[in-house]
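Numbering (my numbering), first residue to last: 7 to 607. From the three backbone atoms N, C-alpha and C, an ideal C-beta is built for every residue, glycine too. Just so you know, these numbers come straight off a predicted model, no measurement behind them. Taking it in order: structure first as structure tokens, then the write-up.
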Amino acid sequence: MATIGYPLFERRTAAVARIRESAEDRLGTRLRDDGLISGDALRKALMHQRSESKPLGEILIAIGELKPDDLRRTLSVMLDVPAVDLATTPCDPMVLDDLPKNKAFELSAIPLFSVEHQLTVAIPDPDNLIKLDELRFATGKEILPVLALESDIEVHLKTYYGERETTGGDDLEFERPDGSAIEEGVEIEEAVEDRPVVRLVNMVIVRAIQEFASDIHFEPQQGGMKVRYRIDGRLRPKPFLIPSQAISPVVSRIKILSNLDISERRRPQDGKIRIRYRGRAIDVRTSTCPNIYGEKVVLRLLDKERQDYSLDTIGMSPHVLESWRKMLHRRQGIVLVTGPTGSGKSSTLYATLRHLNEPDVNIATLEDPVEYELKGVSQSQVNVRAGFTFAGGLRSLLRQDPDIILVGEIRDAETAEIAVQAALTGHLVLATLHTNDAPTAVTRLVDMGVPRYLAAATMMGVLAQRLIRRACPDCQAEAQPDDIEADIFKPILEAGLSFHEGSGCATCNGAGYNGRTGVHEVLEIDRNLQQLISAGSDEQAIADAARDRGYRPMWWDGIDKVRGGLSTLRELARCVSVENDERELAVIREEAAADSHSVAE
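So this is what it looks like as structure tokens:
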């Protein structure tokens with residue numbers, strides 16, 4: 007059969023391709039003439055383009071010959087179209103439904119916001135008339151194109167829509183804490199039933215799970231609601247700006263899922279959600295609090311699969327782990343884990359209980375709240391409104407014939423007194439305390455009213471800890487500290503420890519860090535320290551005496567991890583007080599000299 011010419015669509019596509027090839031030539035010439043790239047750089051990029059078939063500008067950025075901002079400005083002038091940096095341009099997530107997900111990926115386009123019947127869309131080729139026609143047909147709106155780099159669009163398509171082959175929020179199922187399904191449409195305000203609101207909340211939660219966030223912050227402010235994720239202990243803003251008119255429906259949607267009162271906006275509320283995402287069970291704690299622009303909502307994500315820690319995997323150095331296991335082996339007395347909120351104390355205690363959990367051992371816990379369920383362990387949750395406090399609950403647990411008791415936190419004199427009595431009667435008591443270091447835990451118990459002789463007799467040891475971010479192994483390199491850091495770290499740098507930082511890459515999502523590890527100090531209470539405690543010595547005297555018996559401050563453990571490439575000096579100093587101890591500096595000098603000798607050989 008004879009072929010009768012090209013269809014109209016194919017002719018237009020071929021024409022557009024020829025125009026774009028011409029535009030690429032003009033772009034290279036323009037960048038070279040403006041002094042943004044050299045002739046050699048242009049020739050190098052053109053050689054890469056023959057094999058990679060990527061836009062010329064993207065190749066110049068990838069090989070380090072051009073800055074993204076320079077490319078945006080140049081293309082914007084050439085095409086006479088506004089250019090946006092998607093990393094700093096907020097998107098109205100309510101308009102994502104205007105463009106179906108499959109079309110967004112197919113056309114490499116991201117809807118940004120809508121004004122009446124005009125939709126602003128970021129695309130890498132705003133001069134592509136065929137693509138603009140498709141966008142107009144797919145959305146039913148007039149399209150106002152703005153320029154964005156193709157590499158940025160690829161990243162933000164995953165941020166806004168999720169992975170291409172999945173439906174994102176459709177993989178999400180919500181349950182009550184008792185396991186019953188949440189019935190949609192029951193006591194839901196009309197605005198909350200809107201598909202964009204439901205999809206938006208699902209999208210934010212799914213992205214948080216995919217990025218391993220521990221918390222989601224919905225923060226109303228003037229002009230809209232900001233969304234931030236806490237990842238590896240640091241809050242990271244997301245490019246979602248929920249419009250003001252959607253704040254109330256979004257908060258109501260979360261309240262419905264959490265079984266909270268959607269009509270109450272004047273007082274804080276707490277609730278729970280249980281999520282199933284691709285077979286993973288995730289518990290969510292919801293907290294709402296009124297502010298001047300509405301209600302702030304924080305969701306704490308408790309991913310049970312990610313918290314299956316053991317003592318060998320939580321970042322303890324060998325000497326810390328050995329001392330910790332030795333204290334636990336005694337099976338009586340008080341063992342404390344100390345540190346500020348978010349320092350990983352609960353994870354350490356859960357890992358410890360897994361280590362101690364045996365068929366012939368009765369373990370009971372008293373927590374506020376129970377974060378993760380442990381098989382074979384009797385776990386109880388404090389309920390102050392019902393009169394079930396730490397002190398009252400601890401008395402009840404002692405009548406349950408326990409061998410090991412975990413107390414979520416020693417908060418007052420009554421709880422401390424009962425914990426001491428439990429330790430005196432042959433129980434191993436594990437508990438947390440808020441102190442900055444291990445020696446201070448001793449005086450904190452005394453300040454709560456525990457007699458010094460009882461504190462000395464019952465305390466077996468203290469583990470103090472912090473969580474620091476792991477340096478990304480793919481982009482970590484030697485760097486220069488700023489003036490303030492150079493002054494702080496001067497003795498350490500002069501001793502031979504180099505300053506490293508991560509520059510940011512795809513592996514760590516540009517953060518320079520990926521994951522977290524613990525830094526610890528462990529204080530074993532031996533007979534000599536018991537005598538010091540009974541005699542009324544302060545924490546400094548206790549620390550000095552402990553150092554002569556092998557106690558190493560937390561900073562030293564952190565330096566070991568920095569030296570091993572696990573973290574950086576900047577991150578360590580952010581989390582732990584700097585100590586330029588001459589003994590530690592001597593160790594750094596010796597190891598630096600040994601490394602130099604090894605390299606010379």
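**Prompt:** From Ile298, Asp98, Gly34, pick the residue whose C-alpha is nearest to that of Ile67; which is it?
**Reply:** Comparing Cα positions, the closest option is Gly34.
**Request:** Please say whether Tyr315 and Ser349 have beta carbons closer to each other than 8 Å?
**Result:** The answer is no: Cβ separation not under 8 Å.
**Asked** Helix or strand or just coil, what does DSSP make of Asn265?
**Response** Asn265 falls in the coil class under three-state DSSP.
**Asked** I think Glu71 touches Ile116, with their Cβ atoms under 8 Å apart; what is that distance to the nearest whole Å?
**Response** Rounded, the Cβ-Cβ distance is 26 Å, inconsistent with contact.
**Message:** Rounding to the nearest angstrom, what Cα-Cα distance links Asp563 and Thr449 in this structure?
**Reply:** Spanning the two alpha carbons is a distance of roughly 23 Å.
**Message:** Can you check which of these residues, Arg472, Leu503, Met466, Asp86, is closest to Ser329 by C-alpha distance?
**Reply:** Per the C-alpha coordinates, the member of Arg472, Leu503, Met466, Asp86 positioned closest to Ser329 is Met466.
**Prompt:** If we ignore side chains and look at the alpha-carbon of each, how far apart do Ile129 and Ser386 end up?
**Reply:** Looking at the two C-alpha atoms, the distance is approximately 54 Å.
**Prompt:** In chain order, what residues of the same chain have a beta carbon less than 6 Å from the beta carbon of Gly300, not counting five sequence neighbours either side?
**Reply:** Here the set comprises Pro226, Ile253.
**Prompt:** Looking only at DSSP bridge pairs, what is Pro497 linked to?
**Reply:** Answer is none; Pro497 lacks a bridge partner.
**Prompt:** Looking at C-beta atoms only, is the number of pairs between the stretch 512 to 527 and the stretch 227 to 241 that lie closer than 8 Å three or more?
**Reply:** Below 8 Å, enough C-beta pairs join the stretch 512 to 527 and the stretch 227 to 241 to call them touching: three or more.
**Environment of Glu190 [buried if 16+ CB atoms lie within 10 Å]** = Only weak support is given to the placement of Glu190: the predicted model assigns it a pLDDT of 49, under 50, and the value that follows is read from those uncertain coordinates. Here Glu190 is exposed: its Cβ has fewer than 16 other Cβ atoms, across all protein chains shown, within 10 Å.
**Prompt:** Does DSSP put Glu196 in a helix, a strand or coil?
**Reply:** Per-residue confidence for Glu196 stands at a pLDDT of 41, beneath the threshold of 50, marking its modelled position as unreliable; the derived number appears in the next sentence. Glu196: helix per DSSP, three-state reduction.
**8 Å contact criterion, which Leu412 and Leu359 should meet: CB distance rounded** = Under the criterion of beta carbons closer than 8 Å, Leu412 and Leu359 qualify as touching, at roughly 6 Å.
**Message:** Does the distance between the C-beta of Glu181 and the nearest non-hydrogen atom of the ligand GTP fall short of 7 Å?
**Reply:** Annotation note on the ligand GTP: not contained in the displayed structure, which lists no ligands.
**Item:** Runs of alpha helix (DSSP H) lying entirely within the stretch 270 to 337, each at least 4 residues, in chain order
**Value:** Those alpha helix (DSSP H) runs which fall completely within the stretch 270 to 337 and span 4+ residues are 324 to 335.
**Message:** Considering Cα atoms alone, identify which of Met231, Leu372, Asp91 is closest to Val390.
**Reply:** Ranking Met231, Leu372, Asp91 by Cα distance to Val390 puts Leu372 first.
**Asked** His223 by DSSP, collapsed to three states: which one?
**Response** Of the three classes helix, strand and coil, the one that applies to His223 here is strand, per DSSP.
**Item:** At least three beta-carbon pairs within less than 8 Å, the stretch 86 to 94 to the stretch 140 to 158
**Value:** Yes, the stretch 86 to 94 is in contact with the stretch 140 to 158.
**Prompt:** Based on Cα-Cα distance, which residue from Arg417, Ser258, Gln338 lies nearest to Gly432?
**Reply:** Here the closest residue by C-alpha is Gln338.
**Request:** Spatial neighbours of Leu404 within its chain, please: CB distance less than 7 Å, with the 5 preceding and 5 following residues excluded, ordered by chain position.
**Result:** Beyond the five residues adjoining it in sequence on each side, Leu404 comes within less than 7 Å, by CB distance, of Ala428 in the same chain, given in chain order.
**Request:** Note down, in chain order, each residue of its chain lying with its Cβ closer than 8 Å to the Cβ of Leu575, except the 5 sequence neighbours on either side.
**Result:** Excluding sequence positions up to five before and after Leu575, its CB lies within less than 8 Å of the CB of Pro487, Glu491, Phe495, Ile498, Leu503, Phe505, His506, Val568, all in the same chain and listed in chain order.
**Sequence-distant residues of its chain with Cβ nearer than 7 Å to Arg272 (five each side left out)** = Hits under 7 Å: Pro296.
**Prompt:** For Pro106, which of Asn134, Glu140, Leu451 has the nearest alpha-carbon?
**Reply:** Among Asn134, Glu140, Leu451, the Cα nearest to that of Pro106 is on Glu140.
**Residue span of the alpha helix (DSSP H) that contains Gln55, given as start and end** = First-last of the alpha helix (DSSP H) with Gln55: 45 to 58.
**Asked** Touch check for the stretch 143 to 154 and the stretch 50 to 58: three-plus C-beta pairs under 8 Å?
**Response** Not touching, per the Cβ criterion.
**Request:** Name, in chain order, the residues that DSSP records as bridge partners for Tyr519.
**Result:** Bridge partners of Tyr519: Ala477.
**Message:** From the DSSP secondary-structure annotation, give me the bridge partner or partners of Arg213.
**Reply:** In the DSSP assignment, no residue is bridged to Arg213.
**Message:** Tell me which residues share the same chain as Cys511 and place their Cβ nearer than 7 Å to its Cβ, disregarding the 5 neighbours each side in the sequence.
**Reply:** Answer for Cys511: Cys478, Asp480, Cys481, listed in chain order.
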